[in-house]
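Enquirer: Each residue of the first sequence is one higher than the one before, starting from 1133 at the first, in the numbering used here.
Cβ atoms here follow ideal geometry from the backbone N, Cα and C, with glycine treated the same way.
This structure is a prediction, so every number in the text was calculated from the model and none was measured.
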Amino acid sequence: MLKYELEAAFLAGIIELGFSQVNTITLERPKNLDFGDFASNIAFQLARDLKRAPVQIAVELTQRLADDSKLADHICFSAVNGFINMTLSDDYLWSRFTSLGEPVDFPEFPGQILLEFVSANPTGPLHIGHGRWAVIGSVMASLLRFVGANVHTEFYVNDAGAQVGLLRDSVSAVRDGKPVPEDGYQGDYIHELAKLDQDPVQVNMASQKAVLDRIGVGFDCWFSELSLHDKGAVEACMATLKEQSLSYEKEGALWFKAQSLGDEKDRVLIKADGRYTYFAVDIAYHHDKLCRGFSRLINIWGADHHGYVPRVRHAVMALPESSRLLEDGFTFCLGQMVSLRRDGEPVKMSKRTGEMITLDEVVTEIGSDATRYFMVEKSPDTHMDFDLSLAKTRSSENPVYYIQYAHARICSLLAKVGDIQLDESMGLSEPLIPKERALLLHCVKFYDEIWGCATQLQVHRLPQYTWQLARLFHHFYEVCPIIKASDSLQQQRILILLKTRFILRSCLSLMGISAPERM
RNA sequence: GCGCCUGUAGCUCAGCUGGAUAGAGCAACGGACUUCUAAUCCGUAGGUCGUAGGUUCGACUCCUACCGGGCGCGCCA
């Protein structure tokens, strides 16, 4: 990892110069490329301690780094307005670039991670929101695995609660020609289910699996709520809470002492009618996760459940087994809602009334690649306006195709060039022109970017990086002829093509998007 | 009323630990294909970053208040 290594080396250099108070250095990337490849604001931070002007400090540091530091072999330092700007030498950039693809030592990513996402009730088809969590979750899993983390993915199936009962009742009613129960499920899909001679819950699960499969989202485990009840895990968990004096009885119900742990009020675990609440079973599920040895729990939930997060967090953290969790080992990623539009008109989504566009229909309309791209493209924190007609009609200007086209262009060029023996360790034979340099620099930051995405769980940065990569390649393509280049330059550029394609493929593969060789 | 998310170009959104002149796509307008795929590229236009204060050498980013939008506040799941 380039930036990571540079930060360590730069920090060592700064300490060597006598600034032992500096603990960490985070290099930033200047927005303006004229300022260099990386920059440090360390002079501003030191200014207060030293009571000197940042500009002076930067100048002095820059001089001394240029004179003494080992970094000076690879990097040109310059002080501008108090910033210390660093520009990699072309030779160094080239050597980093040509070594792309060699094994990378990421820092250890500790913990056994359980990543739970989607977890939709098996009471109907998945909608576009589920699609969003599904894609975010699967890309997050890919990213984490890429950097060496140990990840287990899980879909929690609520196959035991009142809702599945209501679904079965609704379907039975339709089968018997009776009106569906009060608060029952409506809609065409209920009538479709009624025609089948199978358990509607099983049918729904199968179709949920099918559509997730269509967009390349799979799980290591589909965890059945029923299995928790069957093995007495809920009962056992309630006993644990009782042992911890975290529950009490009142008005015929069993309550969890949530308020004393910081929640707004206490919450019911067992209702007066003797049934478990969803909350109780959810604690048991998380308890089970801990008992299975996971030390880091990540839940991707729809933001409509955010009010539910504190009580689950408090309950889980109160369990004795939570001591197995790493620090900050219980994370919720809350995805904001997706509003669907068609021709600018909002589409109402309600499972109850059956008025909805399913994920399956969206995938049919715009395809798996586009669905996946659009779903990860934006930060999960933002509400998403997704216009179906737009996604479909603008297919030719779609960012997905822009990226895929870059890949196809590379493949086409390489096919034209044919088999050429390349020495991957060859030096730079011709100076890099700016468009080449920008492309190489971006490629070389790949592992840092992935590491950032994975550790900060910021999945949406990956499509941004990838789009930028495609853009830089298209720019390179415009001004850098390959077929007609001289032999040495051609070899150099073919290597650029090969390495760029490698990074592009890596990105697409992480996002689960295809990399066509021809378009 | 309380809590979480959000408010950046006409539209959809980036902007990572506060940093140097606020970015992109789409839409609009004007250019580039006898030359490696024009699903591409180049250019023009478009902004008091919701509002008002505060912290700081420095704020789209942090704090406070207010305004607008979304979601949630069950012995529902």
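Could you name the residues of the same chain whose beta carbon sits closer than 6 Å to that of Y1597, not counting the 5 residues immediately before and after it, in chain order?
Expert: E1581
Enquirer: Contact defined as beta carbons within less than 8 Å: I believe S1511 pairs with S1561. What is the distance between those atoms, to the nearest angstrom?
Expert: That pair is no contact at about 42 Å.
Enquirer: Identify which residue in I1628, S1392, M1507, I1146 has its Cα closest to the Cα of M1516.
Expert: M1507
Enquirer: Considering only DSSP beta bridges, list what K1382 is partnered with.
Expert: A1385
Enquirer: Within 10 Å of its beta-carbon, does N1164 have 16 or more other beta-carbons around it, so buried, or fewer, so exposed?
Expert: exposed
Enquirer: Give the secondary structure of N1431 by DSSP, where H, G and I count as helix, E and B as strand, and everything else as coil.
Expert: strand
Enquirer: Using alpha carbons as the reference points, say which of M1133, I1207, G1168, A1586 lies closest to G1145.
Expert: I1207
Enquirer: On a CA-only basis, which of P1313, M1370, L1393, Y1417 is nearest R1406? Give me that one, please.
Expert: The sequence as given places Gly at residue 1406; Arg does not occur at that position. Nearest option by C-alpha distance: M1370.
Enquirer: Nearest by alpha-carbon distance to F1241: which of D1513, W1583, D1200 is it?
Expert: W1583
Enquirer: Check for me: the beta strand (DSSP E) holding S1172 runs from which residue to which?
Expert: 1170 to 1172
Enquirer: In terms of residue numbering, what span does the beta strand (DSSP E) encompassing Y1533 cover?
Expert: No beta strand (DSSP E) contains Y1533, which is instead part of the alpha helix (DSSP H) from 1531 to 1549.
Enquirer: Report the rounded CA-to-CA distance for F1605 versus A1647, giving the unit in angstroms.
Expert: 15 Å
Enquirer: Less than 8 Å between the beta carbons of H1259 and L1491, yes or no?
Expert: yes
Enquirer: Between the Cα of P1452 and the Cα atoms of G1263, R1541, K1374, which residue gives the shortest distance?
Expert: K1374
Enquirer: So the candidates are I1535, P1162, R1184, Y1288; which of them puts its Cα closest to the Cα of V1413?
Expert: Y1288
Enquirer: Report the option in L1522, A1185, A1281, H1539 whose CA atom is closest to the CA atom of D1475.
Expert: Comparing Cα-Cα distances from D1475 to each of L1522, A1185, A1281, H1539, the minimum goes to L1522.
Enquirer: How do the segment 1265 to 1276 and the segment 1395 to 1411 stand: do at least 3 beta-carbon pairs fall below 8 Å, yes or no?
Expert: No, because fewer than three Cβ pairs between the segment 1265 to 1276 and the segment 1395 to 1411 fall closer than 8 Å, the two stretches do not touch.
Enquirer: Can you check which of these residues, L1429, I1147, F1215, R1196, is closest to E1160 by C-alpha distance?
Expert: Checking every option, the nearest Cα to that of E1160 belongs to F1215.
Enquirer: Which ranges would you report for the alpha helix (DSSP H) in the segment 1328 to 1385 if only whole runs of at least 4 residues count?
Expert: 1332 to 1346, 1357 to 1362, 1365 to 1375
Enquirer: Measure the Cβ-Cβ separation of I1628 and Q1622 and say whether it is below 8 Å.
Expert: Not closer than 8 Å, so no.
Enquirer: Over what stretch of residues does the beta strand (DSSP E) that includes M1516 continue unbroken?
Expert: 1516 to 1519
Enquirer: Touching or not, the segment 1332 to 1342 and the segment 1494 to 1505, by the rule of three or more beta carbon pairs under 8 Å?
Expert: Cβ pair count under 8 Å is below three, so no.
Enquirer: Report back the beta-carbon spacing between L1594 and C1639 to the nearest angstrom; my notes put them in contact at under 8 Å.
Expert: 6 Å
Enquirer: At the level of alpha carbons, what is the spacing between H1437 and N1431?
Expert: 11 Å
Enquirer: Contact between the segment 1194 to 1214 and the segment 1250 to 1264 is defined here as three or more beta-carbon pairs at a separation below 8 Å; is this criterion met?
Expert: no
Enquirer: Compare the C-alpha of R1650 against each of K1548, W1599, A1179, A1326 and name the closest.
Expert: K1548
Enquirer: Just list the residues that DSSP pairs F1215 with in beta bridges.
Expert: V1212
Enquirer: Alpha carbon to alpha carbon, how far is I1415 from V1283? Give it in angstroms, no decimals.
Expert: 21 Å
Enquirer: Which residue from I1245, V1212, F1176, A1185 puts its Cα closest to that of L1457?
Expert: I1245
Enquirer: Enumerate in chain order the residues of its own chain whose CB-to-CB distance from C1575 is below 8 Å, with the five nearest sequence positions on each side excluded.
Expert: F1229, L1232, L1601, K1631, T1632, I1635
Enquirer: Considering only their Cβ atoms, is the gap separating G1439 from G1467 smaller than 8 Å?
Expert: no
Enquirer: With distances taken Cα to Cα, identify the nearest neighbour of A1365 among T1463, L1344, L1422.
Expert: L1422
Enquirer: Compare the Cα-Cα distances from S1500 to each of V1532, I1489, E1234, L1545 and report the closest residue.
Expert: Nearest C-alpha to S1500: V1532.
Enquirer: Can you tell me the Cβ-Cβ gap for P1257 and V1303, rounded? I've got them flagged as a contact below 8 Å.
Expert: Actually they do not touch by this definition, with Cβ atoms about 14 Å apart.
Enquirer: Taking all protein chains shown into account, do 16 or more other C-beta atoms lie within 10 angstroms of the C-beta of S1455, making it buried, or fewer, making it exposed?
Expert: exposed
Enquirer: Which residues share a DSSP beta bridge with P1478?
Expert: R1473
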